[in-house]
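Take my numbering: the final residue in the sequence shown is number 1167, and no numbers are missing along the way.
By construction, the Cβ of each residue, glycine as well, lies at the ideal position given by its N, Cα and C atoms.
One structure is given below, encoded as structure tokens.
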Amino acid sequence: MLQSLRERLTLLFLALLPLHALLVTAGTKLLMGKGHAPLAYLALWKEALLGVILVLSVMEVMRATRKGQRTKDKGLRKGNVFWRVDWIDGLILLLIVLAIAVTVFTHGDWKLAFLGFRYDFVPLVAFLVARRVAWSEAFMQMVPKVLIGIGVVVSMYGILTAFLPMKFFLWLGYSPAHSLYFADGPVAAFQQVSDTGLRRIQSTMSGPNQLGLWILVPLGIWLSWLAKGRGIIEYWNTRTLKYWVSGALLLGALFLTFSRAAWIAAFVMAMVTLCRSVPRRHLKHAAIGAIIIVASIGIVASALFPSVFFRLSSSRGHLVRPLQAIGRIINHPLGEGLGAAGPASNRVSETCVFLRPQDDPSWAKTTPRLCVFLGSTQVQPADHACRCPFLPENWYLQIGVEMGVLGFVLFVTLVVFVLRRMNAECRMYNVKCLLAKDGFSQTNNSTFYIQHFTFLVFLGISIAALFLHAWEDSAVSYTVWLLLAVQLHPSPSLCR
């Protein structure tokens, strides 16, 4: 009973997560009118639902433990993995202890620390608990269907928003100031590519980068489906037309986000899928061909639309800010405390725009509360010095700024351990099930399927984290870490 309820709530949770920003924005407009920041009690629905799922998980484990004690069933007690700790658990617990210790001995601002903990550790805590309960094969078979279904809906709506008028977004409750984030105001409806009027779609989410990264989840499912066969021609029939339409919508929406980090992650995911699905004797030629095709398209597109693909002001930030983060880590090797950098810092700071010295800042006069800099010189507002957020544009360096060199090393080690474990389980599962007398059963196939696309997605997000605060969005972080929890059981059982 508990397991069934928990799994149904988890499926609902995964389906609603990408709709969070739209639902909260429209709900705030309905309750408060236009111009208000998202209501906190509306925005926390996802943490509340996640909390219910985790409480059910703990109750389930406690019930199994009590049952084992009453029946004195040694096998059941041995199967209780709630208190079993592996290297992945140990790394997460060490990170939490380190973060609290560093915060106590640095800024000591617990409101800021709470925000930092929410972004950095709540998904990891959910992972710690959720990996200690059983997940049924029926749940594993439903997860890909739910995620790719909501992915198609989000992609279709996102593509449509590229053409909708601004008054539609204002009617929903979005901010008229595109491309800008104000902590005390509504979310912007979309961003624009620098120096152009071209929209970067964000669909139901809070930004184009967030949308691009979340699309990697259903895209990983689609790539895993593609990898199950031996070629594209084999799949080209009316029965699988819906899969090709789904893939086209996902790729179209991903492209229109103009998120270069998400593009790079998707390319790596596609190349890994190619390496795992093409016979070894053809792999070299297939990989070279794919790289040449993608490189050719990139070169031609960059030559035709340099302002879209290069975006010098954005590219400069991706180079300068990581260097600034490295400098802060060198100056504070023990860390500056939770919330000192990244999305938590963004929540408690003013909105700052950094322009080149030769740019014209007059456009910003219509938004007097916006902090505008020409180079390093503040030109607006004139009545106070702005408090700007520190965004390293790199999740690993953000952890380093908050928790020091040791925190950086621990987090990188955690990512490597998870990738190695997922890759090893995929390979072990493949070998053991192929050696079984009955080959892949339907149950085995569904388990391997979710393992494969979860590995792809985690790899893609981990790569995107080199260029963005990839784990800041709840739809991305909660979805991926819950998928990992389903697979990375402390006592894994393969080919069951």
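If you follow the alpha helix (DSSP H) that residue i is in, where does it begin and where does it stop?
i     : result
F926  : L912 to L927
F1044 : It is not in any alpha helix (DSSP H) - F1044 instead sits in the beta strand (DSSP E) that spans C1042 to L1045.
L783  : W781 to D791
Q1158 : S1145 to Q1158
T1048 : Per DSSP, T1048 belongs to no alpha helix (DSSP H); it is in the beta strand (DSSP E), T1048 to Q1051.
L685  : L673 to L687
C946  : R931 to S948
W893  : P879 to A898
D760  : W758 to V775
W842  : M837 to L843
T699  : H691 to M703
N1065 : Neither: N1065 is in no alpha helix (DSSP H) and is coded neither H nor E.
K816  : E808 to T832
P1039 : Careful: P1039 lies outside any alpha helix (DSSP H) and carries neither H nor E.
A1015 : P1014 to R1018
A711  : A711 to A714
Please classify residue i as buried or exposed, where buried requires at least 16 neighbouring CB atoms within 10 angstroms.
i     : result
I1001 : exposed
R734  : exposed
P1004 : exposed
W1034 : exposed
S1148 : buried
D1144 : buried
P794  : buried
W1174 : Not covered by the structure: residue 1174. The range shown for the chain is 672 to 1167.
F839  : exposed
R931  : buried
M876  : buried
K700  : buried
I968  : exposed
A648  : As displayed, the chain neither begins before 672 nor continues past 1167, which places residue 648 out of reach and without an answer.
F620  : Because the chain here runs from 672 to 1167, residue 620 falls outside it and cannot be looked at.
I970  : exposed
Would you kindly work out how many angstroms separate the C-alpha atoms of residue i and residue j, rounded to a whole number?
i     : j     : result
P1063 : T1022 : 15 Å
R789  : A1141 : 14 Å
W893  : Y914  : 8 Å
V1050 : I872  : 30 Å
F776  : V1019 : 20 Å
I796  : I963  : Going by the sequence as given, residue 796 is Val instead of Ile. If you take the alpha carbons of V796 and I963, they lie about 42 Å apart.
G698  : L688  : 15 Å
V1024 : L1045 : 9 Å
A686  : V825  : 10 Å
F769  : V732  : Strictly speaking, residue 769 in this sequence is Leu, with Phe absent from that position. Roughly 28 Å separates the two Cα atoms.
H956  : V939  : 17 Å
A854  : V1043 : 16 Å
F926  : I1070 : 29 Å
E1073 : S1016 : 11 Å
V1128 : T911  : 23 Å
C1059 : W806  : 44 Å
S874  : T1150 : 18 Å
V1080 : R1092 : 18 Å
L727  : L680  : 10 Å
L818  : L922  : 15 Å
A1135 : A936  : 6 Å
E808  : V916  : 27 Å
L945  : A961  : 9 Å
L994  : G1075 : 15 Å
Q1122 : L693  : 30 Å
V1157 : A1053 : 53 Å
Q674  : G1078 : 35 Å
Locate the beta strand (DSSP E) running through residue i, then write down its first and last residues.
i     : result
L1026 : C1023 to L1026
Quick one: is residue i near chain D, going by C-beta distance under 8 Å?
i     : result
I1000 : Any reference to chain D falls outside this structure, which holds one protein chain only.
- Message: Counting beta carbon pairs with one atom in the stretch 805-814 and one in the stretch 1033-1048, are three or more of them shorter than 8 Å?
- Response: no
- Query: Three or more beta-carbon pairs under 8 Å between the stretch 1080-1096 and the stretch 760-772, yes or no?
  - Reply: yes
- Message: For the pair the stretch 772-787 and the stretch 698-718, tell me if three or more CB-CB distances fall below 8 Å.
- Response: By the Cβ criterion, the stretch 772-787 is not in contact with the stretch 698-718, since fewer than three pairs of Cβ atoms, one from each stretch, lie closer than 8 Å.
- Quick one: any contact between the stretch 698-710 and the stretch 841-848, if contact means 3 or more CB pairs under 8 Å? yes
- Message: Closer than 8 Å is the cut-off here; do at least three beta carbon pairs connect the stretch 824-835 with the stretch 868-886?
- Response: yes
- Message: Three Cβ pairs or more, each shorter than 8 Å: is that satisfied between the stretch 1008-1015 and the stretch 1025-1035?
- Response: no
- Query: So, do the stretch 868-882 and the stretch 713-728 have three or more beta carbon pairs nearer to each other than 8 Å?
  - Reply: Fewer than three pairs of CB atoms, one per stretch, sit closer than 8 Å, so the stretch 868-882 makes no contact with the stretch 713-728.
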